Amino acid sequence: MDLLTIGDFAVRAGVAPSALRYYESQGLIRSTRTGGNQRRYQRSELRRVAFIKIAQQVGVSLEEIRDALSALPENRTPTKADWTRLSARWRKRLEERIALMERLRDQLTGCIGCGCLSMKRCQLINPGDQLSLTGAGPRTLLGE
Ligand code: FES
Numbered sequence: 173m174d175l176l177t178i179g180d181f182a183v184r185a186g187v188a189p190s191a192l193r194y195y196e197s198q199g200l201i202r203s204t205r206t207g208g209n210q211r212r213y214q215r216s217e218l219r220r221v222a223f224i225k226i227a228q229q230v231g232v233s234l235e236e237i238r239d240a241l242s243a244l245p246e247n248r249t250p251t252k253a254d255w256t257r258l259s260a261r262w263r264k265r266l267e268e269r270i271a272l273m274e275r276l277r278d279q280l281t282g283c284i285g286c287g288c289l290s291m292k293r294c295q296l297i298n299p300g301d302q303l304s305l306t307g308a309g310p311r312t313l314l315g316e
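Dropping the structure here:
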């Protein structure tokens, strides 16, 4: 079994050792201890950390990440099938986020329906802030 020290693991994962300890305290990753009570990580835990980092970069909360990782087996290294199941659960969530980011990329130069009425196009897209009737926030960006 390929076990890594917290230092080697942190370097390979691209996170600080303190982040690893935090992820562990949140039940997101696991380690074993040596006789001298030092952490040792299985190499397979690197995939979990990579998943956590990327998910956080696209704005997914730790709560959602924990929920997703809870679908993986506790007592063995997750297989491709395990990750496929997780990915299937997340597909809709990720597609919504991708769509939101695409709208942000494509619509930021125009009216986003936020109620500011500060742009010429607001008069066309959101006259008198009528989009406020559909709810709070940037209505067109939210896809309303
Ligand atoms: S950009 Fe704010 S209402 Fe149009």
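Under the working numbering, the residues of the sequence shown are numbered 173 to 316, in order. C-beta atoms are modelled at their ideal positions from N, C-alpha and C, and glycine is treated no differently. Computed from a predicted structure; not experimentally measured.
Query: What first and last residue would you give for the beta strand (DSSP E) that runs through L175?; Result: 175-177
Query: Among I178, S216, L218, E246, whose alpha-carbon lies nearest the alpha-carbon of Q210?; Result: I178
Query: Cα separation between E274 and L244?; Result: 30 Å
Query: Considering just the uninterrupted stretch of the alpha helix (DSSP H) at R211, what are its terminal residues?; Result: Careful: R211 lies outside any alpha helix (DSSP H), inside the beta strand (DSSP E) at 211-214.
Query: Under 8 Å, with one C-beta from each stretch per pair, do the stretch 297-304 and the stretch 277-286 reach the 3-pair mark?; Result: yes
Query: So, with DSSP's three-state summary, where would you put R205?; Result: strand
Query: Please report the straight-line C-alpha distance between R311 and M291, rounded to a whole angstrom.; Result: 15 Å
Query: Out of A191, Q198, R248, L241, which has the shortest C-alpha to C-alpha gap to R215?; Result: R248
Query: DSSP state of I284, grouped into three classes?; Result: coil
Query: Just how far apart, CA to CA, sit D278 and A271?; Result: 10 Å
Query: Using a Cβ-Cβ cut-off of 6 Å (strictly less than) and excluding sequence neighbours within five positions of T204, which residues of its own chain qualify?; Result: R212
Query: Would R265 pass as an interface residue toward chain D - the criterion being a Cβ-Cβ separation below 8 Å?; Result: In summary, chain D is missing from the structure at hand, where a single protein chain is found.
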